[in-house]
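4 protein chains.
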Amino acid sequence: MIIVFKPNITKKDEAAVLQEIKRLGYRPHIMRGVARTVVGAIGDELTHKSLESLIALFPQVVESVMPVQKRFKLVSREAHPANSTINARGIVIGGRKIQVMAGPCSVESERQLLTTAEAVKAAGATILRGGAFKPRTSPYEFQGLGERGLKLLAKARKATGLAVITELLSEDHAELVAEYTDIVQIGARNAQNFQLLIAAAKTGKPVLLKRGLSMRIEEWLLAGEYVLSNGNSSLMFCERGIRTFETYTRNTLDLSAVPIIKQESHCPIVIDPSQGCGRAELVAAMCKGAVAMGADALLIEVHPSPAEALSDGGQQLCLDGFVALMAELKPFIEAVGRE
Amino acid sequence: MIIVFKPNITKKDEAAVLQEIKRLGYRPHIMRGVARTVVGAIGDELTHKSLESLIALFPQVVESVMPVQKRFKLVSREAHPANSTINARGIVIGGRKIQVMAGPCSVESERQLLTTAEAVKAAGATILRGGAFKPRTSPYEFQGLGERGLKLLAKARKATGLAVITELLSEDHAELVAEYTDIVQIGARNAQNFQLLIAAAKTGKPVLLKRGLSMRIEEWLLAGEYVLSNGNSSLMFCERGIRTFETYTRNTLDLSAVPIIKQESHCPIVIDPSQGCGRAELVAAMCKGAVAMGADALLIEVHPSPAEALSDGGQQLCLDGFVALMAELKPFIEAVGRE
Amino acid sequence: MIIVFKPNITKKDEAAVLQEIKRLGYRPHIMRGVARTVVGAIGDELTHKSLESLIALFPQVVESVMPVQKRFKLVSREAHPANSTINARGIVIGGRKIQVMAGPCSVESERQLLTTAEAVKAAGATILRGGAFKPRTSPYEFQGLGERGLKLLAKARKATGLAVITELLSEDHAELVAEYTDIVQIGARNAQNFQLLIAAAKTGKPVLLKRGLSMRIEEWLLAGEYVLSNGNSSLMFCERGIRTFETYTRNTLDLSAVPIIKQESHCPIVIDPSQGCGRAELVAAMCKGAVAMGADALLIEVHPSPAEALSDGGQQLCLDGFVALMAELKPFIEAVGRE
Amino acid sequence: MIIVFKPNITKKDEAAVLQEIKRLGYRPHIMRGVARTVVGAIGDELTHKSLESLIALFPQVVESVMPVQKRFKLVSREAHPANSTINARGIVIGGRKIQVMAGPCSVESERQLLTTAEAVKAAGATILRGGAFKPRTSPYEFQGLGERGLKLLAKARKATGLAVITELLSEDHAELVAEYTDIVQIGARNAQNFQLLIAAAKTGKPVLLKRGLSMRIEEWLLAGEYVLSNGNSSLMFCERGIRTFETYTRNTLDLSAVPIIKQESHCPIVIDPSQGCGRAELVAAMCKGAVAMGADALLIEVHPSPAEALSDGGQQLCLDGFVALMAELKPFIEAVGRE
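Residue numbers (my numbering), protein chains in the order written: chain A, 1 to 339; chain B, 1001 to 1339; chain C, 2001 to 2339; chain D, 3001 to 3339.
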């Protein structure tokens, strides 16, 4: 920790702060600068108390307190310099091949799901997405088919050979969901529901962690740390748009997350352009950008009839749209030297 | 729903959209304006599918789709024109008296909690706050004493007669937490954890719902709707700061939430200035503003020794600071004609 | 400046960074911590180059660079511990009396302005506001009456004795505007138009600097520094709402700006609740909060017939509304011990 | 305009609103829905007063008012369905060739500028960027070389044949800057400095309009409208990152601006990844994404010795870094079928 003093502090005030630093287990090291005196408090920040309270304790003396250590460990590149790869039912995420996860926002019916599954498989997707338990802003909106939805996903998997990803909404469903899915998705609204993260980790299945609506990169990495520190090393991050002042799009897809996650972490990074912009007509451009920037996988909403969708119709591609997109992506996948 | 057409649309395109509107259960009503043709789709938006998918379905024809109904019902002033009051162990929130909920961020020890409880009671607080289960950004930070913390809260309640509020973090703890607390708190990070909201509602205890870090007012009201629509009418909203670009404060306390919640809803509104600004030296000013603007209660973090706190030391008042604050608030409470 | 090294750095890499620090004029001081090595670069940050480029120059070695000095000087409390007061045509801002600046968003006609001026004066306002040059999002919206508006303001001043505040939009108008106004207003969209700030400073008139839509406190103080460092010490800051994700209000009025500006600066702080929330029905509550928190003045939009206003009708109070507000504010002004 | 009534409105209240709508020049058209009555106010919104004031005027009756027309005209695709191209000294922006504008943040010396100009030309850039007048957050930071900087740009242009782009900061410099530059840049902090936009337009030179830090797409298009409606049709938009809650990057580069500007407008779109993320190590990835998504040009900061730069050293590429980037971009340029 670095403690910056205000200017013109008395020796007595300085001594009181230094004593408090020692009492909290750090060794203080003073540096007298030109305009400010600065104290380096030496000690492991991950195992000691934060010194940020010094500002409140000595408001006339301490100007600011700055941590120097990164707070995440297991998800960091330092802990694991090489890229991690994740194996979901034989599909490898984080390797040379860019994986495409596609399917409807919500599982609505057998026909809807199977039609979509077959179409996306034919177009080149390897993983089927579909929500069985749906978190909805209003209690009066469609909440998903629940267990019946999970069974339909299993049926579609059997019929097509696609792996399956679906969202876990409740600790109480962890066992049930894990029984049917190959990847457990944690949604943006639960990205800091730490109990749910622990429950997801404990299923042993690969976990896809969406970024919360207003989550800083560091907080996202730390949420991932909950998965790895609970014994599950198969974690991937998924950028799905952050909340900003812009109203043209539903969210602002922060594609800088791709190089940043690659720089800070060994875990794969997935992009969800459907949630990310909330407008189907922008999905193709966002996918091209994501691929060019180094994303390991794409998560795309596809529906046989978007206008009839029970949720988020405006952001789902139709089947033909998805086929066209997969063709358009080819030159970009080649340009990054992947498959 | 209002559907706005792009300019210069053919009759055929128009007819196709109208047919789709009918198919989705609405009755279309056309208005030909000077620059745009607009369609009113008549039908209850709460029971019909959204028409927002029309933009994706007819990208060359439909420019925008705007809902006209408010999506929340039970929390609205329309449903219940008078102010609601909430009774927590005899303490009435939403009445003439402004209630003060005070106590440490985390319950840390019997001595810390009892000292604080007695001090805040003596200064005029009526409800004791204290976290037993703590949601922490990092898995390496103090996670709370759990059930032992709940027991200490019960002990402090017995010793002082204060009512108790503590946070519920997990559906699995709902019964346990409800056994010990008088008000169930839902934290900002779980404000759209709908399963937890339902579990909290079902305890039958009053629920305090904090605003999520980037939650719009409408989404907050809809999250409250999950509580009321699950059979619990004792709901209060708590503004605790939203996330913005500003870095001087930890969050931006949005005090406009006070008159807005009063305008839109019958439920009481509570202000948490400790989380709201994250800096103890700003708490007093924020409390004065909150009281002047009509808040029904304040939720304030108080610790006998903030620098030693196991969480959020920088935003907790010391005991003397709290006593001084309570005295300073008096003229403002009188100015709003409350007690 | 504090430079934090990545872990496991070679001596050679370390030496290269230290040499660069010296070359840029700082004296490096090494602290070896438990998990990180940190270098304090000793030297005046205001007169030396920033070391932030070290991250780009040594990406494998330097993890982060943190400045320790505050960048503002003349606006700071350190430079001038007592509160500053500003005298505008005999009206003192920043003293015991809370001043109210009221009037229409735009000057529209002699009748509109004089009616308003007389009404706000009778209700207790001491300064007349009114836009003659209007910055409008669209070129097709009313741009103000220009010089004719200034002349009407002067006429209203003569008729009522109120001081006048109006916005300066262009360096080229500085002399003209200064001829007619008692306070020069810099609007939110020009808050970092530094040439305009310098021109405003050079008029010698008191300057009211609105906070930019997404300006951090530090940037706002630094923009104020442009005024003071150009020879004008009569500066006041005006919070008028920041841009956030919330759409219920036009902006989010950040009332924490009141205690923060008071803490960091000696300059008076003014609150503009009309722009701040963009909804007339919220103005009264925001004013009460602002007064309770210590604001020195209020800037309120008032129009004899808001629905006919040529700009921002939705946020202007009618004359009766303003009279009622002034009466409602009295107990809060007393509660803060002011007039 | 669409006016939504609150439920259970009396006939008398309704009549009063309808009369006001008529008085403001619109023809009201009533639609009685299931839950709400809605009025379409028929009339050209661009030439009539906004009806948003109805909410303030009839707070118990009117729930919301929604405009239906887009406010921008000349920049829109509707006004000019084909892509516009811009010619700056023979360099065409918006055509098949993706143009690269490169150079230092600030012009610092003849040697620095000429070295950079030659290097970026050799690597494939066609336009030289460099700030002569610099807008700086603090008055104590380097403010640019002014006219001497412009002369150095002219010299570099003569030596290399590159076209030149530089920022216009003040109306008073418009003539001077136009004399030396081929493209006039309007910076983010001046994006709604409408007087400056008009002055830039009137120079007759192509204008590059950066997006303001918290500017919505619609506001950006309307700011562009100030250029086109003042007789200058050579406008390009430049996304340079918006301000969000994220602190890892200096700004959040919103690459969705590329497809959105292409959809709404005929003007070219340029991406500035240097300002956009503020970290040199992320620039390459952002450029690849921008190219893949359809950007017409890139604006990249390059400096012979970033650590010695007088401004923004942390985000400038070194000469070798720029050469490497240009090579890396080739496959992506081919993938979009451009040059």
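Backbone N, C-alpha and C define an ideal beta-carbon position, used for all residues, glycine too.
Contact of D:E3239 with chain A by beta-carbon distance below 9 Å is absent, the smallest such distance being about 11 Å. As computed with DSSP, C:V2100 is found in a beta bridge with C:L2298. For C:I2055, the enclosing alpha helix (DSSP H) covers residues S2053 to L2057. Taking the Cα positions, A:G130 is about 13 Å away from A:L169. Assigned with DSSP and collapsed to three states, D:T3115 falls in helix. Counting C-beta pairs with one atom in each stretch, the stretch 3312 to 3329 of chain D and the stretch 3266 to 3285 of chain D have three or more that are closer than 8 Å, which means they touch. For A:Q195, the residues of chain B that pass the 7 Å Cβ criterion are L1169 and S1170, in the order they occur in the chain. By the Cβ rule, the stretch 288 to 301 of chain A counts as touching the stretch 3286 to 3295 of chain D, because three or more pairs are nearer than 8 Å. Within the same chain, and ignoring the five residues on either side of C:R2189 in sequence, the residues whose Cβ sits closer than 6 Å to its Cβ are P2135. Within its own chain, the residues whose Cβ lies closer than 6 Å to the Cβ of A:A154, once the five positions on either side in sequence are excluded, are Y180, listed in chain order. By the Cβ neighbour-count rule, C:E2052 is buried, with 16 or more other Cβ atoms within 10 Å of its own. At a cut-off of 8 Å between beta-carbon atoms, A:F72 makes no contact with chain C. An exposed status is given to B:K1330, since fewer than 16 other beta-carbon atoms sit within 10 Å of its beta-carbon. With respect to chain D, the C-beta atom of B:E1078 has a partner C-beta closer than 8 Å.
Bounds of the beta strand (DSSP E) holding A:T37 are T37 to I42. Judged by their CB atoms, B:I1186 and B:A1200 are nearer to each other than the 8 Å cut-off. In this structure C:I2183 is in contact with C:A2088, their Cβ atoms being roughly 5 Å apart against a cut-off of 8 Å. Within the same chain, E1045 and L1046 come within 7 Å of B:Q1069 by CB-CB distance, once the 5 residues on both sides are set aside. The beta-carbon of C:G2094 is placed no less than 8 Å from the nearest beta-carbon of chain B. One alpha carbon belongs to C:P2059, the other to C:G2090, and they sit about 58 Å apart.
For D:L3325, the nearest beta carbon of chain C is not closer than 8 Å to its own beta carbon. Residue pairing of A:I91 in beta bridges, as defined by DSSP: A:A88. Interface residue (Cβ-Cβ distance to chain A less than 8 Å): B:Y1140 is classified as such.
In chain order, I1002 and M1066 make up the part of chain B whose C-beta sits under 8 Å from the C-beta of D:M3066. Short of 6 Å from the beta carbon of B:I1165, and not among the five residues preceding or following it, lie these beta carbons of its own chain, in chain order: M1101, I1127, R1129, I1183 and Q1185. Linking C:S2109 to C:L2152 through their CA atoms gives a straight-line distance of about 8 Å.
Within chain D, the residues H3029, M3031, G3040 and I3042 have their CB atoms less than 8 Å from the CB of B:M1031, given in chain order. For the 8 Å CB-CB criterion, A:N232 and A:G212 do not form a contact. Note on geometry: alpha-carbon atoms of C:W2220 and C:L2255 lie some 15 Å from one another. Contact of B:T1247 with chain D by beta-carbon distance below 8 Å involves T3247. Those residues of the stretch 300 to 313 of chain A placed with their C-beta closer than 8 Å to a C-beta in chain B are P306, A307, E308, A309, L310 and G313, ordered along the chain. Around the beta carbon of C:E2063, 16 or more other beta carbons sit within 10 angstroms, so the residue counts as buried. A:A119 places its beta carbon less than 8 Å from that of A:L319. Against chain B, the CB of A:R189 has a partner CB under 8 Å away; the residue lies at that interface. Proximity of the stretch 2248 to 2268 of chain C to the stretch 1244 to 1259 of chain B meets the contact definition, three or more beta-carbon pairs being nearer than 8 Å. CA-CA distance, D:R3250 to D:A3223, rounds to 24 Å.
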